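There are 2 protein chains.
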Amino acid sequence: MAHGAGGRATQTLIEAVFLDAFRNPLLEPLEDGAVIQVPAFTAPGGACARLAFTTDSYVVSPLFFPGGDIGDLAVNGTVNDLAVCGARPLYLSAGFVLEEGFPVEDLRRVAASMARAAAAAGVAIVTGDTKVVQRGKADGCYVTTAGVGLLDRDTRLGVARARPGDAVLVSGPIGEHGVTIMLARGELDIEADVTSDTAPLNGLITALLQATGAVRCLRDATRGGVATILNEIARASGVAVVVDEDAVPVRPDVRGACELLGIDPLYVACEGRVVVVVAGEAAEEALAALRGHPLGAGAAIIGRVAADPPGLVLLRTAFGGTRIVDVLVGDPLPRIC
Amino acid sequence: MAHGAGGRATQTLIEAVFLDAFRNPLLEPLEDGAVIQVPAFTAPGGACARLAFTTDSYVVSPLFFPGGDIGDLAVNGTVNDLAVCGARPLYLSAGFVLEEGFPVEDLRRVAASMARAAAAAGVAIVTGDTKVVQRGKADGCYVTTAGVGLLDRDTRLGVARARPGDAVLVSGPIGEHGVTIMLARGELDIEADVTSDTAPLNGLITALLQATGAVRCLRDATRGGVATILNEIARASGVAVVVDEDAVPVRPDVRGACELLGIDPLYVACEGRVVVVVAGEAAEEALAALRGHPLGAGAAIIGRVAADPPGLVLLRTAFGGTRIVDVLVGDPLPRIC
Chain A
1 MAHGAGGRAT QTLIEAVFLD AFRNPLLEPL EDGAVIQVPA FTAPGGACAR
51 LAFTTDSYVV SPLFFPGGDI GDLAVNGTVN DLAVCGARPL YLSAGFVLEE
101 GFPVEDLRRV AASMARAAAA AGVAIVTGDT KVVQRGKADG CYVTTAGVGL
151 LDRDTRLGVA RARPGDAVLV SGPIGEHGVT IMLARGELDI EADVTSDTAP
201 LNGLITALLQ ATGAVRCLRD ATRGGVATIL NEIARASGVA VVVDEDAVPV
251 RPDVRGACEL LGIDPLYVAC EGRVVVVVAG EAAEEALAAL RGHPLGAGAA
301 IIGRVAADPP GLVLLRTAFG GTRIVDVLVG DPLPRIC
Chain B
1 MAHGAGGRAT QTLIEAVFLD AFRNPLLEPL EDGAVIQVPA FTAPGGACAR
51 LAFTTDSYVV SPLFFPGGDI GDLAVNGTVN DLAVCGARPL YLSAGFVLEE
101 GFPVEDLRRV AASMARAAAA AGVAIVTGDT KVVQRGKADG CYVTTAGVGL
151 LDRDTRLGVA RARPGDAVLV SGPIGEHGVT IMLARGELDI EADVTSDTAP
201 LNGLITALLQ ATGAVRCLRD ATRGGVATIL NEIARASGVA VVVDEDAVPV
251 RPDVRGACEL LGIDPLYVAC EGRVVVVVAG EAAEEALAAL RGHPLGAGAA
301 IIGRVAADPP GLVLLRTAFG GTRIVDVLVG DPLPRIC
């Protein structure tokens, strides 16, 4: 199960099996999506057209949860993976694997939720596929979305672009999606007023990229949470990321649930929050741009990029100490998305 | 299970649930892929760039079978869906849903097979995702591929473009993939020397489209077989399709297995055969183009398009009779792809 958790085991699996087998320059950066130059086609102004292409499979359990369901999660997730590439999401595909006996009413509900999410994000679901497997060979419904977007501006983003002096931001309180899913399973005797933060981030990201040209890297903090994203950035850029624990926005209900579960909110999945690395001098500008959008109202500067120690994420704790925030190991929250 | 078989129940499900929820002009033709005009970008010559975008989920059981496995099946299937849109397949995504405990060695084998298939088809797998579900919530490994291709020429293809007088061809013997999968399950006491026909059809289709500009419609005959494709064409074009049973190429081993199983080979899935509708006067030219390619060596003209009765597929049997070939009902061959 740890191989699906988005942490160290997932990374090892992807590098040892898939990257090794499929190796090519577009896959190699292992970003949330591939940015493709299409030489035969030119953009207005004569530049080479650039497309972004991404995919995600969704196996969340339960299928329906406070604040969303597998349908809007699958649409928003792919929209967000395109948006963090700097692309304008345009077209989505949807592949369904259904378990024999899955109620058609539930499928209609998922489809309606996908349609609403697509409309909200300004994308169209243009192609799809449906397979059915026998009872006991799936868990109701799995959805795989892929998406295509266009890069309108000459934005160059990537986890390898962080530099010492950069600022690190998140667009809102973290951990809400993961905690919502854990509680929705009803296996824990915890009551909390938490809903998933699943949302399309393309509007927010457009506002950010219009406000400043100094963005180095964007990633949505899904499986493995903010901690895993920051580790990817530290590793790929050869820098340290220093996070102020006090500055990280976490709602009290999420914090309380995480304490009871013994999980650090930094490792808990969000589905509507983006981690932003931006040049230090543009930090306030970026913060203002995020806060000016309804989905970024709770944005915060949570840390900065330093030169040393390269490849590590450090947390300055509320008590004045410093500890290393490692990549997620194991899977405390299976099938969160 | 019938909802996943590619026949009438699948069609009803897609129309009643997905088309209803997602309705948009690109999805509505319900072709194997969506052809997208990208107004911001221009092709050489000044035309509007056209992209094809498609997806398929693969749940075949067993994962490994004579002639292929879920990996090359997933790559070839998406390559073929792009090719039958008239597009040059370029980039693929791959989403994996793995069952806890699925052997890493098997995953490596699938990935290696995907890499070989991608190289053979001239495409790159540029983005992907992996999820893991608990034991008993999948069946080893499901793969969803999506693909992007470019339409280089101004080809307009579609199931609604068949006209009376057109000829109907298949690119080779039918039913081999479906029969191979049935026998590979080992539940039947039938021995036959059959292997899957899984193959990338983009090279064959390019040869065909270069040879003649008179192609009306291309479809790869997967789930539901040639019979289901012909019914889609008859319905969408408002024409009759008249097939000569004697002209349909079926290998003796496939025919024998189908007889023992009580299944008509016309309903059995191929994974490397294309159904071609072409203007009557270009039939021989198209046949020669197909036969000139190694994957089309067994191509044949199997019938013609007539005006009446509209919407029906008729089979002239070897005994001189005529019977209606209906859309597939039920699911004689579950999880064939």
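Residue numbers (full-length UniProt numbering), protein chains in the order written: chain A, 1 to 337; chain B, 1 to 337. All C-beta atoms, glycine included, are put in the ideal place defined by N, C-alpha and C. No experiment lies behind these values; they were computed from the predicted model shown.
Asked: Considering only heavy atoms of the ligand ZN, does any lie closer than 6 Å to the CB of A/I301?; Found: With respect to the ligand ZN, the structure offers nothing, as it holds no ligand at all.
Asked: Here's a check: name, in chain order, each residue in its chain whose Cβ is nearer than 7 Å to the Cβ of A/E232, leaving out the five neighbours to either side.; Found: V159
Asked: Looking only at C-alpha atoms, which of A/G4, A/C258, A/D56 and A/F102 sits nearest to A/C141?; Found: A/F102
Asked: Could you name each continuous beta strand (DSSP E) segment of 3 residues or more that falls completely within the region 54 to 111 of chain B, going from the start of the chain to the end?; Found: 88 to 99
Asked: Please identify the residue among B/S113, B/V226 and B/V79 whose C-alpha is closest to the C-alpha of B/L63.; Found: B/S113
Asked: Could one say the Cβ of B/T155 lies closer than 7 Å to chain A's Cβ atoms, at least one of them?; Found: no
Asked: How about A/S171 and A/R273: do their beta carbons lie closer than 7 Å?; Found: yes
Asked: Sort out for me which residues DSSP pairs B/V268 with in a bridge.; Found: Answer is none; B/V268 lacks a bridge partner.
Asked: Decide if the region 16 to 32 of chain B is in contact with the region 200 to 218 of chain A; the criterion is three or more beta carbon pairs, one per stretch, under 8 Å apart.; Found: no
Asked: List the residues of chain A that B/E100 touches, going by C-beta distances under 7 Å, in chain order.; Found: M1
Asked: Excluding the five sequence neighbours on either side, which residues of its own chain have a C-beta within less than 6 Å of the C-beta of A/A9, listed in chain order?; Found: A2 and H3
Asked: Quick one: is A/G4 near chain B, going by C-beta distance under 7 Å?; Found: yes
Asked: I want to see whether chain B comes within less than 7 Å of A/Y91, judged by CB atoms only; does it?; Found: yes
Asked: Is it true that the CB of B/A221 sits closer than 7 Å to the CB of B/I229?; Found: yes
Asked: Taking only beta carbons into account, state which residues of the region 118 to 138 of chain A come closer than 8 Å to chain B, listed in chain order.; Found: A118, A124, I125, V126, T127, G128, D129, T130, K131, V132, V133, Q134, G136, K137 and A138
Asked: By alpha-carbon positions, which one of B/D154, B/I174, B/V38 and B/C48 ends up nearest to B/T212?; Found: B/D154
Asked: If I measure Cβ to Cβ from A/V126 and keep anything under 8 Å in the same chain, skipping five residues before and after, which residues do I get?; Found: Y91, L92 and S93
Asked: Identify every run of the beta strand (DSSP E) within the region 175 to 242 of chain A, keeping only runs that are complete inside it and at least 3 residues long; order them along the chain.; Found: 215 to 220
Asked: Leaving aside the five residues before and after A/A162 along the sequence, list all residues of the same chain whose C-beta is less than 7 Å from its C-beta, in chain order.; Found: R216, C217, I233, S237, V239, V277 and V305
Asked: State buried or exposed for B/I324, treating a residue as buried only when at least 16 other CB atoms are found within 10 Å of its CB.; Found: exposed
Asked: Please state if the CB of B/E100 and the CB of B/V132 are separated by a distance shorter than 7 Å.; Found: yes
Asked: If we count the other Cβ atoms within 10 Å of its Cβ and call it buried at 16 or more, is A/C48 buried or exposed?; Found: exposed
Asked: For B/D152 and B/D81, which I take to be in contact (beta-carbon distance under 8 Å), what is that distance rounded to the nearest angstrom?; Found: Contact flag wrong, Cβ pair sits at about 17 Å.
Asked: State the start and end residues of the unbroken beta strand (DSSP E) segment that holds B/T322.; Found: T322 to I324
Asked: Does the beta carbon of B/Y142 come closer than 7 Å to any beta carbon on chain A?; Found: yes
Asked: Locate the beta strand (DSSP E) running through A/L253, then write down its first and last residues.; Found: Checking the sequence shown, residue 253 of chain A turns out to be Asp, not Leu. From DSSP, A/D253 is part of no beta strand (DSSP E) but of the alpha helix (DSSP H) over P252 to L261.
Asked: Do you know offhand how far A/A299's Cα is from A/D193's?; Found: 21 Å
Asked: Using the Cα positions of B/G175 and B/R316, report the straight-line distance between them to the nearest angstrom.; Found: 19 Å
Asked: Straight-line CA distance for B/R88 to A/I301?; Found: 45 Å
Asked: From A/T180 to B/S57, what does the alpha carbon distance come to, in whole angstroms?; Found: 29 Å
Asked: Against chain A, does B/I190 count as a neighbour if the rule is that its beta carbon must be under 7 Å from one of theirs?; Found: no
Asked: For A/V97, which residues of its own chain have a beta-carbon under 7 Å away from its beta-carbon, when the five flanking residues on both sides are left out?; Found: K131, V133, A138 and Y142
Asked: Can you tell me where the beta strand (DSSP E) holding B/T130 begins and where it ends?; Found: A124 to V133
Asked: Helix, strand or coil: which one does DSSP assign to A/A286?; Found: helix
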